[in-house]
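*Asks:* Counting in this note's numbering, the sequence shown runs from 651 upward without gaps. Think of the CB as a built atom: it goes at the ideal place given N, C-alpha and C, for glycine as much as any other residue. I'd like to ask you about the structure that follows.
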Amino acid sequence: MKKVFSKKKIKKIKTSLKGGKKKIVRSSRRKASRFRWPEEVAQKLIKKGKQRGFITQNEIFYAFPRIEKYLVEYEEFLDFLEKTGIQVVESNKDLLGFKEEKRKKDKELFFDLTKLSADSIQMYLKEIGHVPLIDSEEEIALAKKKDKGDKKAEMKLIEANLRLVVSIAKKFVGYGLSFLDLIQEGNIGLFRAAEKYDWERGCKFSTYATWWIRQAIIRSLADQSRTIRIPVHVVEILGKFHRADRYLLQQLGRRPTSEEIAAELEIETSMARYLMKISQDVISLETTVGGDDDGKESELVDFIEDIKTMAPDRAAALVLLRKYIKEIIVDLSPREQKILDIRFGLSDGVAHTLEEVGQVFGVTRERIRQIEARALERIRQLKGIKKIEDYY
């Protein structure tokens, strides 16, 4: 005897089956990722995106520093943003602590220099343009062969994504490395991604490789783009420092103090001061500054005081002082004159210790001290002493 269900009952069963299937899929994905997706942080980003209509890539990178660990959930997050009409805007300003004005100047200089290597770039782009793209099914097939040790399949997977490296490298032009160097560093990251890629996690290879390519380029910029190298982990902290600095500047309407930045980043004040110090740009002493009436440009080094060189007025005053002292000590004995000359450097400007003067005359330092004290006492009684009172 058949058991008959009502339409309402059948609908309820179908709904429960769908929900159960969905639950199983999600749980298996989370098990594969092995990392918990930060749901609260994602909700905050969604709320901000609904208010503004967009969120930036830097906001995503800042909120999810280890996003490569849960790429499946990340793809679902991007799909949700697209469905709700929230755009993800690319923004690379002030990356690694570079100022926008400096970046523009470096970019202009970069394009002037790369005119020499334009042919090489065109040849490379033309060569990778001939490599056919692959679909998701072929991508999975190549990944399976790669896992079995097929090097040709791994190389084909890499070659099919070389254009991805070029598109990412373009975003970092003007930060201190040439376009070809950026592509080279990105290719290193692509090779690393192909080695680590696990197709069973359910994400596309291009999504997974993007993070390795970006990481390789950013690390190379941290190592090579600055005049004074800063460790990579400090460069990453600098990125957070600059974002906090801009945020507090907007909130407070003024430049934040080191204590305020330390409170925002939850770090020590001494660390905030250190970050403020190393975030300053290095300027060459040969940088041109304006120009004079003749149209000749001056260099920055021309405006910096040389503390090792004596000022002309002070040098002239010391010459007169030596002259007056020599006129005063004429009344002393030749031995006393020579002791004072060596002791205070009246002739060559180099003063000597009592021990050194004693070695010259073959007596003890105590004997030299006695002769010096007696000679100075006699000088104080002389009439010409008033000439040097103004030099005290």
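(1) Under the DSSP definition of a beta bridge, which residues are partnered with V939?
(2) Between which two residues does the beta strand (DSSP E) holding I705 run?
(3) Could you give the C-beta distance for R1017 and E1005, rounded to a whole number, given that I count them as a contact under 8 Å?
(4) Go ahead and pull the three-state DSSP assignment for Q834.
(5) Under a Cβ-count criterion, where at least 16 other Cβ atoms within 10 Å of its own Cβ denotes burial, should S983 be classed as buried or exposed?
(6) Would you check if there are 3 or more beta carbon pairs closer than 8 Å linking the segment 916-923 to the segment 948-966?
(7) To the nearest angstrom, how far is it from the Cα of R905 to the Cα of L915?
(8) Taking the straight line between their C-alpha atoms, what separation do you get for E1022 and A966?
(9) So within the segment 860-935, which uninterrupted alpha helix (DSSP H) runs reach at least 4 residues, ignoring any that extend past its ends?
(10) Buried or exposed for E845, going by 16 or more other Cβ atoms inside 10 Å?
(11) Per the DSSP calculation, Q737 is bridged to which residue(s)?
(12) Judging by CA-CA distance, which residue of Y974, G1012, V969 is the nearest neighbour of I989?
(13) For L1026 and D931, what's the separation of their Cα atoms in angstroms?
(14) Reducing DSSP to helix, strand and coil, say where F730 ends up.
(15) Suppose you measure from the CA of R1028 to the CA of Q1020; what does that come to, to the nearest Å?
(16) Count the other CB atoms, across all protein chains shown, that sit within 10 Å of the CB of F730; report buried if there are 16 or more and exposed otherwise.
(17) Buried or exposed for H883, going by 16 or more other Cβ atoms inside 10 Å?
(18) For A961, which three-state DSSP category applies?
(19) Looking at the structure shown, is E1039 part of a helix, part of a strand, or coil, going by DSSP?
(20) Could you tell me if L840 is buried or exposed, where buried requires 16 or more neighbouring beta carbons within 10 angstroms of its beta carbon?
(21) Okay, do the segment 786-793 and the segment 816-832 touch, 3+ Cβ pairs below 8 Å being the bar?
(22) Using only the alpha-carbon positions, how far apart do L871 and G940 sit?
(23) Note down the Cα distance separating R893 from E804, rounded to an integer number of angstroms.
(24) In chain order, what residues of the same chain lie with their CB nearer than 8 Å to the CB of R993, ignoring the 5 residues before and after it?
(25) Leaving out five residues on either side along the sequence, give the residues of the same chain with a beta carbon under 7 Å from the beta carbon of Q900.
(26) In the DSSP assignment, find the alpha helix (DSSP H) that holds R985 and state where it starts and stops.
(27) With L1012 as the anchor, note down where its alpha helix (DSSP H) starts and where it stops.
(28) Taking the CB atoms as reference points, tell me whether G836 and I867 lie closer together than 8 Å.
(29) Check Q772 in the structure and name its three-state DSSP category.
(30) Please name the residue, chosen from K694, W862, E1039, that lies closest to I818 on a Cα-to-Cα basis.
(31) Would you identify the three-state DSSP class for A810, choosing helix, strand or coil?
(32) Using CA atoms only, rank isn't needed, just tell me which of Q865, E809, E788, K798 is closest to I778.
(33) Taking the C-alpha atoms as reference points, what is the distance between L775 and K698?
(34) Drop a sphere of 10 angstroms on the beta-carbon of Y897, count the other beta-carbons inside from all chains shown, and report buried for 16 or more, exposed for fewer.
(35) Looking at the structure shown, is Q1020 part of a helix, part of a strand, or coil, going by DSSP?
(36) Report, in whole angstroms, the separation of the C-beta atoms of L807 and K796, which I expect to be a contact under 8 Å.
*Replies:* Considering the structure as presented:
(1) Taking the first residue of the sequence shown as 1, we reach residue 939 at position 289. In the DSSP output, where bridge partners are listed per residue, V939 has S948.
(2) Counting from one through the sequence shown, the residue named residue 705 turns up at place 55. Its beta strand (DSSP E) spans residues 704-706.
(3) Locating residue 1017 in the sequence shown gives position 367, counting from the first residue. Locating residue 1005 in the sequence shown gives position 355, counting from the first residue. About 11 Å; that fails the 8 Å criterion.
(4) Counting from one through the sequence shown, the residue named residue 834 turns up at place 184. DSSP places Q834 in helix when its eight states are reduced to three.
(5) Within the sequence shown, residue 983 is the residue found at index 333, counting from 1. Exposed, since its Cβ has fewer than 16 Cβ neighbours within 10 Å.
(6) no
(7) Residue 905 sits at position 255 when you count from the first residue of the sequence shown. Residue 915 sits at position 265 when you count from the first residue of the sequence shown. A straight line joining the alpha-carbon of R905 with that of L915 spans about 16 Å.
(8) Walking along the sequence shown from the start, residue 1022 turns up at place 372. Walking along the sequence shown from the start, residue 966 turns up at place 316. Cα to Cα, E1022 sits roughly 27 Å from A966.
(9) 882-902, 908-915, 919-928
(10) Counting from one through the sequence shown, the residue named residue 845 turns up at place 195. Burial call: exposed.
(11) Position 87 of the sequence shown, counting from 1, holds the residue named residue 737. Looking at the DSSP assignment, Q737 forms a beta bridge with F704.
(12) Counting from 1 along the sequence shown, the entry for residue 989 is found at position 339. The option with the nearest alpha carbon to I989 is G1012.
(13) The residue you call residue 1026 lines up with position 376 of the sequence shown. The residue you call residue 931 lines up with position 281 of the sequence shown. The alpha-carbon atoms of L1026 and D931 are separated by roughly 54 Å.
(14) Along the sequence shown, one-based indexing puts residue 730 at 80. Reduced to three states, the DSSP call for F730 is helix.
(15) Position 378 of the sequence shown, counted from the start, is the residue given in the question as residue 1028. Position 370 of the sequence shown, counted from the start, is the residue given in the question as residue 1020. Whole-angstrom Cα-Cα distance: 13 Å.
(16) Working through the sequence shown from its first residue, we reach residue 730 at position 80. When all chains shown are included, F730 counts as exposed.
(17) Your numbering for residue 883 matches position 233 in the sequence shown. Counting Cβ neighbours within 10 Å, H883 comes out exposed, since fewer than 16 surround it.
(18) Here residue 961 refers to the residue found at position 311 of the sequence shown. A961 falls in the coil class under three-state DSSP.
(19) Working through the sequence shown from its first residue, we reach residue 1039 at position 389. It is helical.
(20) In the sequence shown, counting from the first residue as 1, residue 840 sits at position 190. The residue in question, L840, is buried, as its Cβ has 16 or more Cβ neighbours within 10 Å.
(21) As far as the Cβ criterion goes, the segment 786-793 does not touch the segment 816-832, which means the pair count is below three.
(22) By one-based count along the sequence shown, residue 871 stands at place 221. By one-based count along the sequence shown, residue 940 stands at place 290. In a straight line, the C-alpha of L871 is about 31 Å away from that of G940.
(23) Taking the sequence shown and counting its residues from 1, one reaches residue 893 at position 243. Taking the sequence shown and counting its residues from 1, one reaches residue 804 at position 154. In a straight line, the C-alpha of R893 is about 39 Å away from that of E804.
(24) Sequence index remark: in the sequence shown, residue 993 carries index 343 (1-based). Counting only Cβ-Cβ distances below 8 Å, and skipping sequence neighbours, we find A1001, H1002, L1004, V1007, I1018, E1022.
(25) As a first step, residue 900 is located in the sequence shown; it is residue number 250 there, counting from the start. For Q900, where only same-chain residues beyond five positions count, there are no Cβ hits under 7 Å.
(26) Position 335 of the sequence shown holds residue 985. Per DSSP, R985 belongs to the alpha helix (DSSP H) from 984-994.
(27) Here residue 1012 refers to the residue found at position 362 when the sequence shown is read from its first residue. It should be noted that the sequence gives Gly, not Leu, for residue 1012. Premise fails: G1012 is in no alpha helix (DSSP H) and is neither H nor E.
(28) Taking the first residue of the sequence shown as position 1, residue 836 is located at position 186. Taking the first residue of the sequence shown as position 1, residue 867 is located at position 217. In contact: G836 and I867 (Cβ atoms closer than 8 Å).
(29) Taking the sequence shown and counting its residues from 1, one reaches residue 772 at position 122. It is helical.
(30) If you number the sequence shown from 1, residue 818 lands on position 168. Minimum Cα distance to I818 is reached at W862.
(31) Residue mapping note: residue 810 aligns to position 160 of the sequence shown, counting from 1. In the structure shown, A810 falls within a coil segment according to DSSP collapsed to helix, strand and coil.
(32) Start at 1 with the first residue of the sequence shown, and residue 778 comes out as number 128. Taking only the C-alpha atoms, the option nearest I778 is E809.
(33) As a working mapping, residue 775 is identified with position 125 in the sequence shown. As a working mapping, residue 698 is identified with position 48 in the sequence shown. Straight-line Cα distance between these residues: approximately 39 Å.
(34) What you label residue 897 is simply residue 247 of the sequence shown in a count that begins at 1. When all chains shown are included, Y897 counts as exposed.
(35) Numbered from its first residue, the sequence shown carries residue 1020 at position 370. Note: Q1020 maps to helix in three-state DSSP.
(36) On the sequence shown, residue 807 is found 157 positions in, with the first residue counted as 1. On the sequence shown, residue 796 is found 146 positions in, with the first residue counted as 1. Yes, L807 and K796 are in contact; Cβ-Cβ is about 6 Å, under 8 Å.
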